[in-house]
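To start, the structure under review is shown below, and the notes come after it.
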Amino acid sequence: MEYVNPEGLRLDGRRPMEMRQLRAEIGVVSRADGSASFEMGNTKVIAAVYGPREVQNRSQQMNDQALVRCEYSMANFSTGDRRRKTKGDRRSTEISLVIRQTMEACILTNLMPRSQIDIYVQVLQADGGTRSACINAATLALADAGIPMRDLVTSCSAGYLNSTPLLDLNYLEDSAGGADVTVGILPKLDKVTLLQMDAKLPMDIFENVMQLAVEGCKAVDSYIREILLENTKTLEIHRGV
Amino acid sequence: MALKISPICRLFVLLLGNGFSTAGVGIKFLYTLLSPDSNIWDYTWGHGTLDMGRNVIATVCGVVERVNKLVYVRSLRARYKPEIGDIIVGRVIEVAPKRWRLEINFSQDAVLMLSSMNLPDGIQRRRTAIDELNMRTIFVENDVICAEVRGFQNDGSLHLQARSQKYGKLENGKLLKIPPYLVKRRKQHFHHLDQYGVDLIFGCNGFIWVGEHVDVKDATVEDQVNKSDPQNTDSAILQGSSEEPTSTSLEIRQYICRIANAITVFAALGFMVNLEAVTETVTLSLSLNLGVHEMLEAEFHVQVAEQEVERRSKSTRRK
């Protein structure tokens, strides 16, 4: 199948280096300490953060840092066919672990000892790149909750089909069987916290694809900063003095 | 698209449209705080900042504040940041040996020791094992309590004390939870609204208590009365656990709900909650003849917002 046609357009009309449209909203879950919804094209994700709060399981309490827990789940209606098991299956457990490790790397956990931070991410609509959208949504939610972090974590995926590196794969391109590289970085510190790949790629092509994904992450970062700045200004104006 | 913001503490920009004045500019994560002379050592870096050696970054998303040489970042929607002497309202989660654990909006549960609490008979004495066994007669799980922050324990959790008559169990009322940044630390956190017969307590942790008015008796007066009349000690003990639960009148209950709804509207709009504003809102709702539940509708939110704009433009005009 032709994923990049001779004119250089992909299946959804994008160029190879073009990202999908980003949309983010902060404060969608009123009961949570921090929450955000993030959309990358048709992929829609909601993240809610609770914490720092008292550790619920005393045995897991850590005396010098906060415990970070993450739960990833996909809604029944998020994929094309209605899913039977949304939580607890291997893929969800793996992605929960991945998101937890990524966020734990950037949260300053030693500032909040003996407490617990819960991150709940739910996919409402899945169209490829759910992992990245979840990490971006979790970053926004943590920022909304006022949890101190070293830097924002942004994530983007890239792939390689028809001999072209493609940025931000959607579901069709992802299921084509080509490589899918997901990168999560701390943009200002220029550090990589997440790097995952399916399938195989030669080294030189891998470097290109990863570089492309990092560029995508930086674009997401500037968008997230815009949103956070606007949100903070609005809150501060409303609060008054 | 990183904005370079100079480290002036507040930028005031007047929004001509609705007369709101913006105070401060929200800074984003990882904002490099460098003064124009590129000299980090001029300032002391407080909360919400992180010294990365070569430069200083903000670790939370919030407003930069500067007090003389101290620069810190105040995050908005974070959890409660306790200070000693704060009045807080909390809910009992657990009755533990010689202490109660309270849920306040903090990263850990607060602890109220049995020795920091006045005993029902009012006598100051050493707590015995019998007192420990009778802890449940004072507070049980899910009770709402008003207390004061005494200090921090070495594991970071809060130590509370409730030694005055005005602290203690709160009954016949409603507990509201709002974000802590909307409650300002003031001299007076206990308010008594005479015209409604309602007590209002603004907890610094964002928990607000609206309840039927309770007459706070002076501790010294009670001790003298107890010493002179031994029969009164029985009634004083029984006061803690009233045998006949007095029911609150419908009118007072409606006022309680009105005030609670006014505060909820304020919290939803993100305005700072204070007594004058709340009473004005309640008067507004009464003058518009709104039902208590109608206060939570969108129309009333708009009217409250307009009232707030007026109030703020008046105060800036006065300045």
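Residue numbers (the working numbering), protein chains in the order written: chain L, 1177 to 1417; chain S, 685 to 1003. All residues carry an ideal CB built from backbone N, CA and C; glycine is no exception. Since this is a predicted model, take the numbers as computed values, not measurements.
For residue 747/S, the nearest beta carbon of chain L is closer than 8 Å to its own beta carbon. Note on residue 821/S: under 16 other CB atoms within 10 angstroms of its CB, so exposed under the neighbour-count rule. Residue 864/S holds the alpha-carbon nearest to the alpha-carbon of residue 887/S among 896/S, 806/S, 876/S, 864/S.
Residue 1246/L has 1295/L as its beta-bridge partners, per DSSP. Taking a beta-carbon distance threshold of 8 Å, residue 1265/L does not count as an interface residue toward chain S. Taking a cut-off of 8 Å for Cβ pairs, the region 1204-1218 of chain L and the region 772-780 of chain S do not touch, as fewer than three such pairs fall below it. A residue is called buried when at least 16 other Cβ atoms come within 10 angstroms of its Cβ; residue 1374/L does not meet this threshold and is exposed. Neighbours of residue 792/S across chain L, judged by C-beta separation under 7 Å: 1230, 1290, 1291. Comparing alpha carbon positions, the residue from 1178/L, 1252/L, 1267/L closest to residue 1260/L is 1252/L. Going by DSSP, residue 1333/L is part of the beta strand (DSSP E) stretching over 1330-1337. DSSP links residue 883/S through a beta bridge to 876/S, 895/S. No Cβ of chain L is located within less than 8 Å of the beta carbon of residue 754/S. Per DSSP, residue 939/S lies in no beta strand (DSSP E) segment; the continuous alpha helix (DSSP H) that holds it begins and ends at 934-953.
Exclusion of the five residues before and after residue 1311/L leaves 1275, 1278, 1279, 1329, 1330, 1331, 1360, 1370 as the residues of its chain whose Cβ lies within less than 8 Å of its Cβ. For residue 1341/L, the beta-bridge partners assigned by DSSP are 1336/L. It is roughly 55 Å from the alpha-carbon of residue 726/S to the alpha-carbon of residue 812/S. For residue 840/S, the C-beta contacts it makes with chain L under 9 Å involve 1288, 1289, 1290, 1291, in order along the chain.
A straight line joining the alpha-carbon of residue 1178/L with that of residue 1213/L spans about 33 Å. In the DSSP assignment, residue 843/S forms a beta bridge with 795/S, 835/S. Rounded to the nearest angstrom, the gap between the Cα atoms of residue 1292/L and residue 972/S is 46 Å.
The secondary-structure analysis by DSSP pairs residue 1372/L across a beta bridge with 1358/L. At least one CB of chain S lies nearer than 8 Å to the CB of residue 1415/L. Listed by position along chain L, the residues whose Cβ is nearer than 8 Å to that of residue 732/S are 1324. Using a 10 angstroms sphere on the CB of residue 740/S, the tally of other CB atoms reaches 16 or more, which defines it as buried. Taking CB atoms only, residue 953/S has a neighbour in chain L less than 8 Å away.
Residue 1318/L is a Cβ neighbour of residue 1283/L, given a cutoff of 8 Å. Taking a C-beta distance under 8 Å as the contact criterion, residue 893/S and residue 866/S do not qualify as a contact pair. The C-beta distance from residue 1347/L to residue 1304/L rounds to 4 Å, short enough to fall under 8 Å. The shortest C-alpha to C-alpha distance from residue 1362/L to any of 1399/L, 1243/L, 1232/L, 1326/L is the one to 1326/L.
For residue 1198/L, the closest Cβ of chain S is not nearer than 8 Å.
At a cut-off of 8 Å, the C-beta of residue 1208/L has no neighbouring C-beta in chain S.
Non-local C-beta neighbours of residue 959/S in its own chain, meaning closer than 6 Å and more than five positions away in sequence, comprise 875, ordered along the chain. In the DSSP annotation of this structure, the continuous segment of the alpha helix (DSSP H) that includes residue 1415/L starts and ends at 1379-1415. Bridge pairing for residue 735/S: 740/S [DSSP].
It is roughly 17 Å from the alpha-carbon of residue 749/S to the alpha-carbon of residue 869/S. Taking CB atoms only, residue 1320/L has a neighbour in chain S less than 8 Å away.
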